[in-house]
Every structure is written in structure tokens, then in C-alpha cells.
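Numbering-wise (the numbering used here), the sequence shown opens with residue 29 and increments by one. Here is the structure we will look at.
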Amino acid sequence: ESSLDRYPPIADHGLVGDLQTTALVSSQGVIDWFAAPRFDSPSIFAALLDHDGGGYFLLAPEHPEGTWRQLYYPDTAIVVTRFMSPDGVGEIVDHMPVQPGPTATDRHSLVRVVRSVRGTVRFTLECRPRFDYARATHDLDLTHDRPMQETATFRAPGTTAYLQGSIPLERDGQDVRGAITLNAGETAAVVFTVCAPDGEAPPPPTV
29 ESSLDRYPPI ADHGLVGDLQ TTALVSSQGV IDWFAAPRFD SPSIFAALLD HDGGGYFLLA
89 PEHPEGTWRQ LYYPDTAIVV TRFMSPDGVG EIVDHMPVQP GPTATDRHSL VRVVRSVRGT
149 VRFTLECRPR FDYARATHDL DLTHDRPMQE TATFRAPGTT AYLQGSIPLE RDGQDVRGAI
209 TLNAGETAAV VFTVCAPDGE APPPPTV
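Dropping the structure here:
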């Protein structure tokens, strides 16, 4: 693995944000920088700076060999990462919903949607948050609310984060991973929401 693979250039990223904070999405489907609740808050994902210990959120085809292209929907901060191979074409669509009202909030969400454009594509997920610049430990609670509805709750000092969606999840230490196979035209979604320690889980995502 080259240093370029471990630390992709800033130019190989898309930027999503909600006017209060932002996240970087690499051209291979990895959120490797995210700080919340503000731009200058301690990081939650920081693999851009520390590949091994900084934390990341990967959502990408299981077999990434192929051609990747990243673009924005016109006049938006919605990032589309497209993967093309002889077996299929898949997309990861990332955005952060803007919170209503003029008041700053502690609640921020990363919405990630995957779909198969052509063929059958198997997507893998790894969510490995590292709170407070990877200085804080966290606990994980994983629940299967109903078929195709999973919730992972990460609790760290001062912060709670929820990962919800239609991709089956399994525990990997204090992190989670998962996978889903999509046929042409099928879609799945997950939402990673950061909030105050006593913040309630948001409604399940729908696509």
C-alpha cells in the first residue's frame, strides 16, 4: 500500500457541509475528515492525518478495482462518487442536511446513499469513529430494530453518535462493519448523526 493510497491528496476529495461544519469524502468513498459540532471542533474521523488511528467511515464497492470519478450535483454540496468496472457501476451519494433556523446546533448528520446503476454491486461499510482527535474511548451499542433497520450507538465523553440505515451491521470491537448487495436500480442508505450526550436518535432514514 503506497503513501498515496493511505493519504490521498486533498484534491482527491469532495467537500460536504451544513454551514456549521464539513466533512471530506475521498474519491474512493472514505470519509477521512469530519469534526463536529463546529469546523474547529475535535475530529471524529481523521484518517486523512492518521491513517491507522484517526478514524474513518468507508462505504464503497467490495472490489474497488476499476475507474472512479467524483463530482457534485450542479449548484449543490452533494457529492457523487461513481465507480465503474466491467461487472457493474455503483454510486455513493454524500451530503449533510442544513439544520433549520439561524441558531447553531450540536446535531449534525452525514447522509450516505449507495446504489447500483448497472449490474450487481456489493458495497462494504466500515464505521470507525475516533472521538476527540482519537484521544477519547467510546462504547458501542448495536441494535437490530427490525429487518433492514440497524442502529449503532457510539457513546464517548461529551458526544453521542448514531449510525442508522438499511445496511446490515455487525460489531467489530467498538466499531461496526457491514455489507449489502444491490442489483441495478436498487438503493440503500445510512445516516451518521452526531449530537450531545443526551441527544435522542433521529428518525430512521428512508430512500
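Note that CB positions come from ideal geometry on N, CA and C, so glycine has one too. Keep in mind the model is a prediction, meaning the values are calculated, not measured.
(message) Rounding to the nearest angstrom, what Cα-Cα distance links Ser137 and Cys155 in this structure?
(response) In this structure, the alpha-carbon of Ser137 lies about 14 Å from that of Cys155.
(request) Please go through the same chain and pick out, in chain order, the residues whose beta-carbon is closer than 6 Å to the beta-carbon of Phe62, but skip the five residues on each side of it. (result) Ala51, Ile72 and Phe73
(message) My output table needs one value for Ser189: the three-state DSSP class, helix, strand or coil.
(response) The amino acid at residue 189 is misidentified as Ser; the sequence shows Ala. Strand.
(message) Within the continuous beta strand (DSSP E) that includes Arg97, where are the two ends?
(response) Where Arg97 is concerned, the enclosing beta strand (DSSP E) starts and stops at Thr95 to Tyr100.
(request) Would you mind sorting Leu99 into buried or exposed? The rule is 16 or more other CB atoms within 10 Å of its CB. (result) exposed
(message) Taking the straight line between their C-alpha atoms, what separation do you get for Glu178 and Pro130?
(response) Near 32 Å, if we compare the C-alpha coordinates of Pro130 and Glu178.
(message) To the nearest angstrom, how far is the alpha carbon of Val108 from that of Ser55?
(response) 9 Å
(message) For Asn211, tell me which candidate among Asp115, Ala105 and Tyr161 has the shortest Cα-Cα distance.
(response) Asp115
(request) Return the first residue and the last residue of the beta strand (DSSP E) that Asp167 is part of. (result) Asp167 to Arg174
(request) Find out if the Cβ-Cβ distance for the pair Phe159, Thr187 is shorter than 7 Å. (result) yes
(message) Tell me the DSSP secondary structure of Asp80 in three-state form.
(response) coil
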